[in-house]
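Colleague: Take a look at the following structure, please.
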Amino acid sequence: EPEVTQTPSHQVTQMGQEVILRCVPISNHLYFYWYRQILGQKVEFLVSFYNNEISEKSEIFDDQFSVERPDGSNFTLKIRSTKLEDSAMYFCASSAFGQNTGELFFGEGSRLTVL
Amino acid sequence: AQSVTQLDSQVPVFEEAPVELRCNYSSSVSVYLFWYVQYPNQGLQLLLKYLSGSTLVKGINGFEAEFNKSQTSFHLRKPSVHISDTAEYFCAVFNTGGFKTIFGAGTRLFVKA
Chain H
8 EPEVTQTPSH QVTQMGQEVI LRCVPISNHL YFYWYRQILG QKVEFLVSFY NNEISEKSEI
68 FDDQFSVERP DGSNFTLKIR STKLEDSAMY FCASSAFGQN TGELFFGEGS RLTVL
Chain X
153 AQSVTQLDSQ VPVFEEAPVE LRCNYSSSVS VYLFWYVQYP NQGLQLLLKY LSGSTLVKGI
213 NGFEAEFNKS QTSFHLRKPS VHISDTAEYF CAVFNTGGFK TIFGAGTRLF VKA
C-alpha cells in the first residue's frame, strides 16, 4: 500500500540552526501539507502546496519557514533559524489524485528537538 | 474559516462499554468531515470520513459516526470498546474548495480493564 515517508524520524539541533525535514508523498497525489504537533497538543496546520506553489499557510508559517518540491518526488520543510518553541512533531501529508476532499495521508512524523 | 470543537479532552471508559466522542464544527460552506486516530508515538490514521450520501458512516475497528447538519456535529461512536482502542482521536473538517483540513484539539480515549 502506498505511503508517505518522512526523514529524519528524529532530529536534535541547536537554537539558531537551519533544519530541513524531508517527505516523499504518495506518488501522483497533487496536494501536499505540513502539520505540527507540539507534545500532547493539537495538530496544527502549517502550509498546503499545490501546483508548485503555496496555496494556503497559517500564522505559524512565518518568514522562518519555507517549503519546496525540488523534484517530482520530494517535499521539504525548511526552518531557517530554529527557536526553542519550534520543538514539535512535524507531519507531512498528501492527498488527492483528482478532486481534493481533504482526506489526508500522513507520514509517521519527524520529531524536532531544539536545544 | 472553519473550526472544530471536541467537547471532551479525555474520556475514560471500561472495556466493553459503549463510547461517544463528541465533535462540533463551524463553517460557512459545505464540508467534508473526518475522524483520525493517533496511537502513542505514531502518525495519524484515518478512521472514517463523511463526504456525501448517508449521514451514518462506518469506519475501521468498529467505529461509526453520524453527520448532523442541523446541529453541525459529527460524533464518533463505538458500541463496545477494547483496551486496544486507547488512543487520541481527532475530528477534522475540510471546506469544499479549500486548501486545508483543520483538526480539533483531540480527545484521549482511555479504556480500562
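Read top to bottom, the protein sequences are chains H and X. Be aware that the first sequence starts at 8, since it is given in our numbering, and climbs by one per residue. Be aware that the second sequence starts at 153, since it is given in our numbering, and climbs by one per residue. Yeah, the Cβ is synthetic: ideal placement off N, Cα and C, and Gly gets one too.
Looking at the secondary structure, which residues open and close the beta strand (DSSP E) in which glutamate 110(H) lies?
Modeller: Stepping through the first sequence from its first residue, residue 110(H) is reached at position 103. Glutamate 110(H) -> no beta strand (DSSP E), and no H or E assigned at all.
Colleague: Taking 7 Å as the limit between beta carbons, can you name the residues of its chain near asparagine 247(X), skipping five residues before and five after?
Modeller: Looking up residue 247(X) in the second sequence gives position 95. The residues are Gln154, Ser179, Val181 and Val183.
Colleague: Exposed or buried, what is tyrosine 191(X) when buried is set at 16 or more other beta-carbons lying within 10 Å of its beta-carbon?
Modeller: Translated into positions along the second sequence, residue 191(X) becomes position 39. So tyrosine 191(X) ends up on the exposed side.
Colleague: Apart from the five residues just before and just after glutamine 21(H), which ones in its own chain have a Cβ nearer than 7 Å to its Cβ?
Modeller: As a working mapping, residue 21(H) is identified with position 14 in the first sequence. Contacts found: Leu122.
Colleague: Under 7 Å between the Cβ atoms of leucine 185(X) and phenylalanine 215(X)?
Modeller: By one-based count along the second sequence, residue 185(X) stands at place 33. By one-based count along the second sequence, residue 215(X) stands at place 63. For leucine 185(X) and phenylalanine 215(X), no; Cβs fall outside 7 Å.
Colleague: Which partner residues does alanine 153(X) have in the DSSP bridge list?
Modeller: One-based indexing of the second sequence puts residue 153(X) at position 1. None, per the DSSP bridge assignment.
Colleague: Quick check: is the beta carbon of serine 62(H) nearer than 7 Å to any beta carbon in chain X?
Modeller: Residue numbering aside, residue 62(H) sits at position 55 when the first sequence is read from its first letter. Chain X contact via Cβ: present.
Colleague: So glutamine 106(H) is in the beta strand (DSSP E); what residue range does that whole segment cover?
Modeller: Here residue 106(H) corresponds to residue number 99 of the first sequence, with the count starting at 1. Counting along the chain, glutamine 106(H) falls outside any beta strand (DSSP E), and DSSP gives it neither H nor E.
Colleague: Could you please give the first and the last residue of the uninterrupted beta strand (DSSP E) stretch that includes histidine 17(H)?
Modeller: Taking the first residue of the first sequence as position 1, residue 17(H) is located at position 10. 17-20 is the extent of the beta strand (DSSP E) around histidine 17(H).
Colleague: Hey, quick one: how far does the beta strand (DSSP E) through serine 254(X) stretch, first residue to last?
Modeller: Along the second sequence, one-based indexing puts residue 254(X) at 102. It is worth fixing the name first, because residue 254(X) is isoleucine in this sequence and not serine. Where isoleucine 254(X) is concerned, the enclosing beta strand (DSSP E) stretches over 253-255.
Colleague: For leucine 91(H), which three-state DSSP category applies?
Modeller: Within the first sequence, the letter at position 84 stands for residue 91(H). Three-state DSSP puts leucine 91(H) in a helix.
Colleague: Give the residues of chain H in contact with alanine 217(X), contact being defined as C-beta atoms less than 7 Å apart.
Modeller: Numbered from its first residue, the second sequence carries residue 217(X) at position 65. Residues of chain H passing the Cβ test: none, with the nearest at roughly 14 Å.
Colleague: Alanine 239(X) CB to nearest chain H CB: under 7 Å?
Modeller: Working through the second sequence from its first residue, we reach residue 239(X) at position 87. Not an interface residue.
Colleague: Would you please state the rounded distance, in angstroms, between the beta carbons of glutamate 168(X) and valine 233(X)? I believe it to be under 8 Å.
Modeller: Position 16 of the second sequence, counted from the first residue, corresponds to residue 168(X). Position 81 of the second sequence, counted from the first residue, corresponds to residue 233(X). The Cβ separation is near 7 Å, so the contact holds.
Colleague: When burial is assigned at 16 or more other CB atoms within 10 Å of the CB, is arginine 87(H) buried or exposed?
Modeller: By one-based count along the first sequence, residue 87(H) stands at place 80. Arginine 87(H) is exposed by the Cβ-count criterion.
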